[in-house]
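First residue of the sequence shown? That's 245 in the numbering used here, and the numbers climb one at a time after it.
Glycine included, C-beta positions come from ideal geometry on N, C-alpha and C.
I have placed the structure first, in the form of structure tokens, so that the comments after it can refer back to it.
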Amino acid sequence: MLEVKNLFFSYTTDKKIIESLSFTLKQGNMLALVGESGSGKSTILKLVYGLLEWESGEVFYKGRKLEGFKGNLVPGEPEFKYLEQDFGLMPYATVGENVGKFLSNIDLTEKLNRIMFLLDLVGMANYIDKKPISLSGGQKQRVALAKALAQTPSVLLLDEPFSQVDTFKKNILKRAVLDFAKENNISIILATHEIEDALAYADEMMIVKEGKIIRRGNPYQIYRDPQNTYVANLFGENTILTRRDFPEIFEDIETDKILVYPHQFIISQTGIPVKVIRSYFLGSHYLVESISQFKRFWFVSDESFSIGKECFLQLYEYQKLS
Ligand SMILES: Nc1ncnc2c1ncn2[C@@H]1O[C@H](COP(=O)(O)OP(=O)(O)OP(=O)(O)O)[C@@H](O)[C@H]1O
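As structure tokens, this is what we get:
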């Protein structure tokens with residue numbers, strides 16, 4: 245179990261970047277750090293790994309107090325692995341040498357088997373003799389993942405680990421890597437922009453804003469009760485309605501402000517009149533942008549709506565906002 249207690253950190257004297265950071269992570273669980281760009285996700289990973297020196301606070305792992313940056317001769321906790329955004333591969337060593345860099349040389353057959361197993365896991369077995377310099381960004385990212393998993397770390401700190409992998413194969417890779425981590429009881433902290441990663445795979449989510457944790461909970465709870473617009477906007481398009489602008493909608497609603505996800509509107513014969521601005525084809529459905537009383541409404545539809553088409557929307561679910 246990892247326990248972070250009241251960490252403070254700044255890069256420069258004039259601005260605190262991380263304030264009063266506290267959280268715990270159970271062994272084998274996955275925690276997703278989600279927040280807008282610059283909110284402090286990478287900094288949190290670097291602090292936990294021991295690449296940056298915290299000003300005050302404490303970190304414990306399995307009951308042992310970690311010394312952080314100043315405690316290790318080579319920066320980084322030995323039981324942890326940190327996969328940084330720029331991969332950290334040796335460009336002129338082969339893919340196989342990169343993955344095997346920290347593996348024991350006592351049994352070379354076992355070492356090669358392990359390298360092959362990991363490269364197969366990330367879909368890169370055919371590239372074992374290639375050099376990273378000749379690989380694409382997504383391929384390098386796969387190799388870096390294999391390298392991070394090579395010694396089966398206890399805690400894996402992943403910074404946008406799938407950002408460069410093409411969408412087509414991304415889900416296969418995510419499942420393979422995250423299943424491997426679960427099977428091997430590896431704890432993961434994943435910093436991500438891709439909210440789907442957090443929703444689909446994380447045991448818990450922490451929402452980071454300006455270096456502070458503003459929400460923590462399971463992804464379903466946070467999605468169904470975002471409480472404020474910063475959190476809600478991380479989940480994509482939505483419509484925020486207030487009693488003042490739409491009193492007729494609020495007749496049976498207790499609160500004064502609500503948030504509606506696109507799938508929570510029904511296209512109807514009566515309701516809120518909207519005019520379509522544009523339909524976006526998303527494969528399985530269309531996301532439709534429309535307007536009513538200068539307010540943008542987002543809803544989903546099986547069919548495309550032409551620009552200027554008028555229709556009515558009814559609300560069948562919503563989230564209360566503060
Ligand atoms: N080496 C540095 N020196 C000074 N300020 C920095 C440094 N690295 C990051 N920062 C600042 O610290 C804040 C948090 O940055 P961080 O990289 O942790 O955010 P992030 O949430 O990971 O962003 P992104 O999602 O874009 O990777 C930002 O305001 C950033 O400008």
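Exercise. The beta strand (DSSP E) spanning residue 535 covers which residue range?
Worked result: Within the sequence shown, residue 535 is the residue found at index 291, counting from 1. First-last of the beta strand (DSSP E) with residue 535: 530-536.
Exercise. With contact counted as at least three CB pairs below 8 Å, one residue from each stretch, are the region 290-306 and the region 444-452 in contact?
Worked result: no
Exercise. Going by the C-beta, is residue 440 closer than 8 Å to any heavy atom of ligand 1?
Worked result: Locating residue 440 in the sequence shown gives position 196, where the first residue counts as 1. Answer for residue 440: no, Cβ out of range of ligand 1.
Problem set entry | Assigned secondary structure, residue 549 (DSSP; H/G/I helix, E/B strand, else coil) | Numbered from its first residue, the sequence shown carries residue 549 at position 305. Coil at residue 549, not helix or strand.
For this session: Please write down, chain order preserved, every residue whose beta carbon lies under 5 Å from a heavy atom of ligand 1.
Result: 255, 261, 281, 282, 283, 284, 285, 286 and 287
Exercise. Between the region 427-440 and the region 395-409, do at least 3 Cβ pairs fall closer than 8 Å?
Worked result: Contact holds: three or more Cβ-Cβ distances are below 8 Å.
Exercise. Based on the DSSP secondary-structure assignment, which residues constitute the bridge partners of residue 554?
Worked result: On the sequence shown, position 310 is the one that residue 554 refers to. DSSP, once it has assigned bridges, lists 519 as partnering residue 554.
Exercise. Does the beta-carbon distance from residue 389 to residue 421 come in below 9 Å?
Worked result: Sequence index remark: in the sequence shown, residue 389 carries index 145 (1-based). Sequence index remark: in the sequence shown, residue 421 carries index 177 (1-based). Yes; because the gap between Cβ atoms is below 9 Å, this pair is in contact.
Exercise. Assuming residue 506 and residue 536 make a contact with CB atoms under 8 Å, what is their CB distance in whole Å?
Worked result: Position 262 of the sequence shown, counted from the start, is the residue given in the question as residue 506. Position 292 of the sequence shown, counted from the start, is the residue given in the question as residue 536. The Cβ separation is near 15 Å, so there is no contact.
Exercise. Is the beta carbon of residue 565 sitting closer than 9 Å to the one on residue 483?
Worked result: Counted from its first residue, the sequence shown places residue 565 at position 321. Counted from its first residue, the sequence shown places residue 483 at position 239. No, they are not a contact pair.
For this session: With DSSP collapsed to three states, give me the class of residue 275.
Result: Your numbering for residue 275 matches position 31 in the sequence shown. Residue 275: strand per DSSP, three-state reduction.
Exercise. Whose C-beta lies closer than 6 Å to the C-beta of residue 554 among residues of the same chain, with five residues either side of it excluded?
Worked result: Numbered from its first residue, the sequence shown carries residue 554 at position 310. Closer than 6 Å at the Cβ level, and outside the excluded window around residue 554, lie 519.
For this session: Enumerate, from N- to C-terminal direction, the unbroken alpha helix (DSSP H) stretches of 4 or more residues contained entirely within the region 310-350.
Result: 339-343
Exercise. Secondary structure at residue 500, three-state DSSP: helix, strand or coil?
Worked result: The sequence position of residue 500 within the sequence shown is 256, counting from 1. Coil.
Problem set entry | Straight-line Cα distance separating residue 270 from residue 636 | The structure shown does not extend to residue 636, since the chain is modelled only from 245 through 566, so no value can be given for it.
Exercise. In terms of residues, what are the limits of the beta strand (DSSP E) holding residue 450?
Worked result: Position 206 of the sequence shown holds residue 450. First-last of the beta strand (DSSP E) with residue 450: 448-453.
Problem set entry | Euclidean distance between Cα positions of residue 539 and residue 465 | If you number the sequence shown from 1, residue 539 lands on position 295. If you number the sequence shown from 1, residue 465 lands on position 221. Computed Cα separation, rounded: 27 Å.
Exercise. I think residue 548 touches residue 525, with their Cβ atoms under 8 Å apart; what is that distance to the nearest whole Å?
Worked result: Looking up residue 548 in the sequence shown gives position 304. Looking up residue 525 in the sequence shown gives position 281. Distance from residue 548 to residue 525 at the Cβ level is roughly 7 Å; contact confirmed, criterion being Cβ atoms closer than 8 Å.
For this session: Can you tell me which of the three DSSP states residue 430 falls into?
Result: For the purposes of this step, residue 430 is identified with residue 186 of the sequence shown, where counting begins at 1. It is coil, neither helix nor strand.
For this session: Please classify residue 563: is it buried, with 16 or more other beta-carbons within 10 angstroms of its beta-carbon, or exposed?
Result: Locating residue 563 in the sequence shown gives position 319, counting from the first residue. So residue 563 counts as buried.
Exercise. With a CB to CB cut of under 8 Å and the five nearest residues on each side skipped, what residues in its chain are close to residue 375?
Worked result: The residue given as residue 375 occupies position 131 in the sequence shown. Closer than 8 Å at the Cβ level, and outside the excluded window around residue 375, lie 335, 336, 337, 338 and 339.
Problem set entry | Local conformation of residue 473 per DSSP, three classes | What you label residue 473 is simply residue 229 of the sequence shown in a count that begins at 1. Residue 473 falls in the helix class under three-state DSSP.
Exercise. According to DSSP, is residue 411 helix, strand or coil?
Worked result: Your numbering for residue 411 matches position 167 in the sequence shown. Helix at residue 411.
Problem set entry | Neighbourhood of residue 511 by C-beta distance below 6 Å, restricted to the same chain and skipping five residues each side | The residue you call residue 511 lines up with position 267 of the sequence shown. Only 555 meet the Cβ criterion.
Problem set entry | Unbroken beta strand (DSSP E) run spanning residue 250, endpoints | Here residue 250 corresponds to residue number 6 of the sequence shown, with the count starting at 1. Secondary structure note for residue 250: its beta strand (DSSP E) is the uninterrupted segment 246-253.
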